[in-house]
Structures are given as structure tokens and as C-alpha cells.
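Peer 1: Let me begin by handing over the structure; questions about it come next.
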Amino acid sequence: MQPVTIYTTSWCPYCAAAKSLLREKGAAFTEIDVEVKAGARREMMERAGGRTSVPQIFIGETHVGGCDDLYALDRRSGLDPLLKG
Numbered sequence: 386m387q388p389v390t391i392y393t394t395s396w397c398p399y400c401a402a403a404k405s406l407l408r409e410k411g412a413a414f415t416e417i418d419v420e421v422k423a424g425a426r427r428e429m430m431e432r433a434g435g436r437t438s439v440p441q442i443f444i445g446e447t448h449v450g451g452c453d454d455l456y457a458l459d460r461r462s463g464l465d466p467l468l469k470g
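Quick note: the sequence shown, position 69, residue 454 per the working numbering, numbers continuous.
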């Protein structure tokens, strides 16, 4: 499986929903809390083309986007192949 990185905050319901879907898919992920790790929000914004909202999800080097983007990708059957690489 491809490495998955998800930028989050502890109180974000969209972050929880995205992590839930990734767990359902059996995907291990690295979670980076932008409120805890110094410089993480800046890093996320650079990787995500300036997007400031959480979650921001990356599968391999592919920027998936946020929670809605992740679920949309799954609905059109694109999530599983991307996870498998």
C-alpha cells in the first residue's frame, strides 16, 4: 500500500470521518496534527497548494484533498487503486 499522510486537528469532525474511511479500507496512515507539531500547518499549505483547511490528505505523493474529496474518490472507485499504488 501507498503511504498515506493526513493533516488534522483533534477537534475536526471531517478529520475523524476521513480517518474512519481510511481505516475501513485497511490503510495505515501518518497523522500530523497541525495544532501540535510546529510548522505543520505551513508544511501542509505548501504541499496542498495553499489550502488551509483540514484534513488535507496525501496518498503517496498525490494530493487527494479534504474529506469530501476522499469520499468522492471512493464513490467513483478511485480510492482503492490509488491506495494500492
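Ideal Cβ positions, reconstructed from N, Cα and C, are used throughout, including at glycine.
Note that the structure is predicted; figures quoted are calculated from it, not measured.
Glu416 by DSSP, collapsed to three states: which one?
Peer 2: For the purposes of this step, residue 416 is taken as the residue at position 31 of the sequence shown. Of the three classes helix, strand and coil, the one that applies to Glu416 here is strand, per DSSP.
Peer 1: Checking 8 Å against the spacing of the C-beta atoms, do Thr393 and Cys400 come in under that value?
Peer 2: Reading the sequence shown from its first residue, position 8 is the one you call residue 393. Reading the sequence shown from its first residue, position 15 is the one you call residue 400. Yes. Within cutoff.
Peer 1: Am I right that Gly450 and Pro388 are in contact with their C-beta atoms under 8 Å? What's the rounded C-beta distance?
Peer 2: Against the sequence shown, residue 450 aligns to sequence position 65. Against the sequence shown, residue 388 aligns to sequence position 3. Not a contact, Cβ separation roughly 17 Å.
Peer 1: So Ala412 packs on Pro440, CB below 8 Å; how close in whole Å?
Peer 2: Against the sequence shown, residue 412 aligns to sequence position 27. Against the sequence shown, residue 440 aligns to sequence position 55. No, Ala412 and Pro440 are not in contact; Cβ-Cβ is about 14 Å, not under 8 Å.
Peer 1: Just curious, the beta strand (DSSP E) that Val389 is in, first and last residue?
Peer 2: Taking the first residue of the sequence shown as position 1, residue 389 is located at position 4. 389-393 is the span of the beta strand (DSSP E), which, as asked, contains Val389.
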